[in-house]
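Here is the structure we will look at, set down as structure tokens.
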Amino acid sequence: MKLSSYFRAAFLIAVYLLSSIAISVPINAQENFDVVIANGRVMDPESGLDAVRNVGIIGGKIQAISAEPLKGKSRIDAKSLVVAPGFIDLHEHGQTPEAYRYQAHDGVTTSLELEAGTDDVDKWYADREGKALINFGVSIGHIPVRMKVIGDPGKFLPTGGAAHLEATPEQLAEMERRMERGLQRGALAMGMGITYTPAASRWEIVEMFGVAAKYGASVHVHLRYSGLKEPETGLAGIEEVIAAAADTGAALHVVHISSMGLKYTPQLIAMVAGAQKRGLDVTTECYPYTAASTDLESALFDEGWQDRMGISYHDLQWAATGERLTAETFANYRKQGGEVVIFVIPDEAARAAVANPIVMIASDGVQLPGSGPKIHPRGQGTFSRMLGHYVREEKILDLMTALRKMTLMPAQRLEKHAPIFQDKGRIRVGADADITVFDPDKVIDKATYEEPLQYSSGIQFVFVNGTLVVEDGKLVEGIFPGRAARAPILSTK
Ligand SMILES: [Zn+2]
Numbered sequence: 000m001k002l003s004s005y006f007r008a009a010f011l012i013a014v015y016l017l018s019s020i021a022i023s024v025p026i027n028a029q030e031n032f033d034v035v036i037a038n039g040r041v042m043d044p045e046s047g048l049d050a051v052r053n054v055g056i057i058g059g060k061i062q063a064i065s066a067e068p069l070k071g072k073s074r075i076d077a078k079s080l081v082v083a084p085g086f087i088d089l090h091e092h093g094q095t096p097e098a099y100r101y102q103a104h105d106g107v108t109t110s111l112e113l114e115a116g117t118d119d120v121d122k123w124y125a126d127r128e129g130k131a132l133i134n135f136g137v138s139i140g141h142i143p144v145r146m147k148v149i150g151d152p153g154k155f156l157p158t159g160g161a162a163h164l165e166a167t168p169e170q171l172a173e174m175e176r177r178m179e180r181g182l183q184r185g186a187l188a189m190g191m192g193i194t195y196t197p198a199a200s201r202w203e204i205v206e207m208f209g210v211a212a213k214y215g216a217s218v219h220v221h222l223r224y225s226g227l228k229e230p231e232t233g234l235a236g237i238e239e240v241i242a243a244a245a246d247t248g249a250a251l252h253v254v255h256i257s258s259m260g261l262k263y264t265p266q267l268i269a270m271v272a273g274a275q276k277r278g279l280d281v282t283t284e285c286y287p288y289t290a291a292s293t294d295l296e297s298a299l300f301d302e303g304w305q306d307r308m309g310i311s312y313h314d315l316q317w318a319a320t321g322e323r324l325t326a327e328t329f330a331n332y333r334k335q336g337g338e339v340v341i342f343v344i345p346d347e348a349a350r351a352a353v354a355n356p357i358v359m360i361a362s363d364g365v366q367l368p369g370s371g372p373k374i375h376p377r378g379q380g381t382f383s384r385m386l387g388h389y390v391r392e393e394k395i396l397d398l399m400t401a402l403r404k405m406t407l408m409p410a411q412r413l414e415k416h417a418p419i420f421q422d423k424g425r426i427r428v429g430a431d432a433d434i435t436v437f438d439p440d441k442v443i444d445k446a447t448y449e450e451p452l453q454y455s456s457g458i459q460f461v462f463v464n465g466t467l468v469v470e471d472g473k474l475v476e477g478i479f480p481g482r483a484a485r486a487p488i489l490s491t492k
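So in numbering that gives the first Met the number 0, spot 315 of the sequence shown is number 314, and the numbers just go up one at a time.
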């Protein structure tokens, strides 16, 4: 007997449905998960899921999110804990094994140096490959490239020609070539710190944005100005780069907006929102603190800094010792060089940025080799401080909004240029098993200005690519599951 084509189609559909059921049922029933995170409150900012679920992991990927029990080779009991996507830090200068330990304790699974960046993308990734506790990534940086091309004696930030000399046409062309090369070699973004390279002309900035636009990369900018008085306010600083973004088509990400805006922070956020409404790809971030931090020898402290920022010597804390500065120690230490903590951000400005749903969270951690024991606490405590202090204690935003600002939004910022981020920042079947499990009643930052090198507490379990790096609140030693978070490589050597 011959089936009509109608019946044949119906038969094939029935076979397909049966086979898909046959595939999906045993996955949950078999003991084939590497790890099961059981009974946790799963919160996923993308889907809005906020419910008790069991999460099954196989081969570093999330393979099941189920209300039914799952069986696995190992099992984490997450009862009364929140199971969230691992935190993605867009702005972290501390990219050493030591700094990664603090970040893992703070729930960070992907740590990115996108503001300063590097001048050698291949070397930067090669230095960390197979040796990292958490995932890592970098931008091609205008600051280090300018330091190389113009020549500068500075260690991290420019102190000589890269800060104070205008580029010749040949130097500008060489900078463009190196920036382009970095993006071809898989840099996640372009980084800029215009305040540290004040001699970079307006046109130089537009040219660099043009290079980023060609590769669809976002430009992560520390603005040229962050003062209190016109014409050197954050408003003037943001105008320059919104114009460059509009002119070239590059995406713009304004880093640490509250230390750029100071009392004008709400206005700066309004300008980001306005640019978004006009269809520009402009985003921003903040760290949840009222102090900034940078190198004392940098151009930020060139003549007139007290007037520009509305602060004086006493508002600076020397990271090497914790002492507050005087005119005399300022002069000495500026010659010597090193980090200072700068008490300059009004509390209302910090809160405005922390609470605003369009402002992402990024630490701007500064645990660099030799930076001193009294550094800014932000690299060690940013994410737990958001969850413990601002969500639980101060209640200035809800938990899901906070998680969105720390997970999904940073992933979305990068995923067009770097598709690897399409599978990060989400608790979704098929996503990377970068997962942070914390106690919402206890999570809190411990790092303070007096004692900054303290692990956060209440972050109970952290998975990086399916491997536990924090277990029961303690670091798992001797494992390196972190992988390169890198954009596609477009050209060979
Ligand atoms: Zn900065």
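Here a beta-carbon is modelled for each residue, glycine too, at the ideal position from N, C-alpha and C.
In this text the structure is predicted, and so the values were computed from the model without any measurement.
Spatial neighbours of residue i in its chain, beta-carbon cut-off 7 Å, leaving aside the 5 residues before and after
i: THR466; result: ILE478 and PRO480
i: LEU367; result: HIS92, GLY93 and PHE155
i: GLU175; result: GLU206 and VAL210
i: SER18; result: Interpretation of SER18 is limited by its pLDDT of 46, a score under 50 that renders its predicted location unreliable; no figure is taken from the coordinates.
i: LEU300; result: The displayed chain sequence assigns Phe, not Leu, to residue 300. Excluding sequence neighbours, PHE300 sits near ARG333.
i: MET408; result: MET359
i: THR264; result: ILE256, SER257, ALA348, ALA351 and ALA352
i: ILE64; result: VAL41, ARG52, VAL54, ILE426 and VAL428
i: LYS262; result: LEU227, PRO345 and ALA348
i: SER311; result: GLN305
i: THR247; result: VAL205, PHE208, GLY209 and ALA212
Terminal residues of the alpha helix (DSSP H) in which residue i lies
i: LYS441; result: From DSSP, LYS441 is part of no alpha helix (DSSP H); its letter is neither H nor E.
i: MET189; result: First-last for MET189: 189-192, but that is the beta strand (DSSP E), not the alpha helix (DSSP H).
i: ALA125; result: 120-127
i: PHE208; result: 201-214
i: PHE420; result: Counting along the chain, PHE420 falls outside any alpha helix (DSSP H), and DSSP gives it neither H nor E.
i: GLY160; result: 160-163
Where the beta strand (DSSP E) containing residue i begins and where it ends
i: VAL365; result: Careful: VAL365 lies outside any beta strand (DSSP E) and carries neither H nor E.
i: PRO84; result: 81-84
i: VAL469; result: 466-470
i: LYS72; result: 71-76
i: GLY136; result: 134-140
i: ARG377; result: Note, ARG377: premise wrong, no beta strand (DSSP E); alpha helix (DSSP H) at 377-384.
i: HIS252; result: 250-253
i: VAL461; result: 458-463
i: GLY116; result: 107-117
i: GLN316; result: 315-317
Top-ranked residue by Cα proximity to residue i, from the options
i: ASP76; options: ALA211, MET399, LEU474 and PHE460; result: PHE460
i: ALA50; options: GLU476, TYR389, GLU470 and MET399; result: MET399
i: ALA66; options: GLU302, ALA83, ILE36 and HIS219; result: ILE36
i: ARG307; options: ALA486, SER455 and SER225; result: SER225
i: GLY181; options: ARG52, HIS313 and HIS141; result: HIS141
i: TYR288; options: ASN38, ALA348, ALA198 and TYR454; result: ALA348
i: ILE139; options: GLY129, LEU111, PHE420 and LEU164; result: LEU111
i: ASP392; options: GLY233, ILE56 and ILE443; result: For the record, residue 392 in the displayed sequence is Glu; it is not Asp. The candidate whose alpha carbon is nearest that of GLU392 is ILE443.
i: MET191; options: GLY129, THR232, ALA166 and LEU113; result: LEU113
i: LYS147; options: ALA198, ASP119 and ASP294; result: ASP119
i: ALA200; options: GLN170, LEU187 and ARG177; result: Per the sequence presented here, residue 200 reads as Ser, with Ala not at that position. The residue with the shortest Cα to Cα distance from SER200 is GLN170.
Heavy atom of ligand 1 within 7 Å of residue i beta-carbon
i: ASP422; result: no
i: GLY215; result: no
i: GLY260; result: no
i: HIS219; result: no
i: ASP346; result: no
i: ASP363; result: yes
i: HIS255; result: yes
i: GLU284; result: no
i: GLU114; result: yes
i: ARG93; result: Checking the sequence shown, residue 93 turns out to be Gly, not Arg. Result no, Cβ not under 7 Å from ligand 1.
i: GLY192; result: yes
Spatial neighbours of residue i in its chain, beta-carbon cut-off 6 Å, leaving aside the 5 residues before and after
i: HIS375; result: SER292, VAL340 and VAL365
i: ALA430; result: ILE61 and ASP422
i: ALA483; result: TYR124
i: LEU2; result: Its pLDDT being 47, under 50, LEU2 is placed unreliably by the model, and nothing is read from it.
i: ASP121; result: ARG184
i: GLY369; result: none
i: ALA274; result: ILE241 and VAL281
i: ALA249; result: PHE208, ALA211, ALA212 and VAL218
i: PRO439; result: VAL81
Residues near residue i in its chain [Cβ-Cβ closer than 8 Å; skip 5 each side]
i: ASP151; result: ARG145, PRO157, THR158, GLY159, GLY160, ALA161 and ALA162
i: PRO356; result: LEU396, THR400, ARG403 and LYS404
Checklist entry - Any chance the segment 334-353 sits against the segment 56-74, with 3 or more Cβ pairs inside 8 Å? => result No contact exists between the segment 334-353 and the segment 56-74.
Next on the checklist: For the structure I just gave you, are there three or more beta carbon pairs, one from the segment 129-142 and one from the segment 86-106, closer than 8 Å?
Outcome noted: As far as the Cβ criterion goes, the segment 129-142 touches the segment 86-106, which means the pair count is three or higher.
Next on the checklist: If contact is defined by three or more beta carbon pairs under 8 Å, each pair taking one atom from either stretch, is the segment 376-386 in contact with the segment 100-114?
Outcome noted: Yes: at least three Cβ pairs fall under 8 Å.
Item to check | Validate contact between the segment 248-263 and the segment 212-230 using beta carbons, cut 8 Å, 3 pairs | outcome: The answer is yes - the segment 212-230 touches the segment 248-263, with three or more Cβ pairs under 8 Å.
Item to check | At least three beta-carbon pairs within less than 8 Å, the segment 232-250 to the segment 274-284 | outcome: Three or more beta-carbon pairs drawn from the segment 232-250 and the segment 274-284 are found closer than 8 Å, and the two stretches are therefore classed as touching.
Next on the checklist: Would the segment 427-443 count as touching the segment 82-90 if we require 3 or more Cβ pairs under 8 Å?
Outcome noted: Result yes; three or more Cβ-Cβ pairs closer than 8 Å.
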